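Report on the structure given below.
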Amino acid sequence: MDDSAGQGSAKLFFGNSMKPPPGKHWKFSQENIDKMIEEGKLRLNPKTNRPEYWVEPSDEYLLDTNWTDVPGYSFSTGYPTENAEQ
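Right, here's the structure in full:
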């Protein structure tokens, strides 16, 4: 069985053992959790008491409209005015 299946193991956050949500795993190893706490990049949410981690600001953004799987948009015909028609 793949070790990513089922429930993940508990990790220590600020001295408290916490299990991930049902059927989930923690994103980071215990070593990385400890390092993030030390660097101030991880905290417990005051309302939910669940871990939150800092995401560095970036000029990059996620691609959310990738049309390369649609045949009309996934290849070039070489014509100067290409139209996506089927």
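All residue numbers for the sequence shown refer to my numbering, where the first residue is 406 and numbers rise by one.
No residue lacks a Cβ here, since even glycine has one placed at the ideal position from N, Cα and C.
In this text, all values refer to a predicted model and were calculated from it rather than measured experimentally.
Could you check what DSSP says for K416 in three-state terms: helix, strand or coil? Taking the sequence shown and counting its residues from 1, one reaches residue 416 at position 11. Correct three-state label for K416: strand.
Which residues in the same chain as M406 place their Cβ atom closer than 6 Å to its Cβ, once the five residues preceding and following it in sequence are excluded? For the purposes of this step, residue 406 is identified with residue 1 of the sequence shown, where counting begins at 1. Low confidence applies to M406: its pLDDT is 44, below 50, so where it sits in the model is not reliable enough to give any reading.
According to DSSP, is E363 part of a helix, a strand, or is it coil? Because the chain is modelled from 406 through 491, residue 363 falls outside the range shown and cannot be assessed.
What is the DSSP secondary structure of N353, reduced to helix, strand or coil? The chain is shown only over 406 to 491; residue 353 falls outside these bounds and no answer can be derived.
Sort K446, P426, S434 and F418 by Cα distance to P462 and report the nearest one. Here residue 462 corresponds to residue number 57 of the sequence shown, with the count starting at 1. If you compare the alpha carbons of K446, P426, S434 and F418 with that of P462, the shortest gap goes to K446.
Contacting residues, own chain, Cβ-Cβ under 8 Å from G413 (five flanking each side not counted): One-based indexing of the sequence shown puts residue 413 at position 8. Result list for G413: K424, P425, K429, H430 and W431, in chain order.
Bounding residues of the beta strand (DSSP E) (the contiguous stretch that carries E457): Here residue 457 corresponds to residue number 52 of the sequence shown, with the count starting at 1. Run containing E457: P456 to Y458, per the beta strand (DSSP E) assignment.
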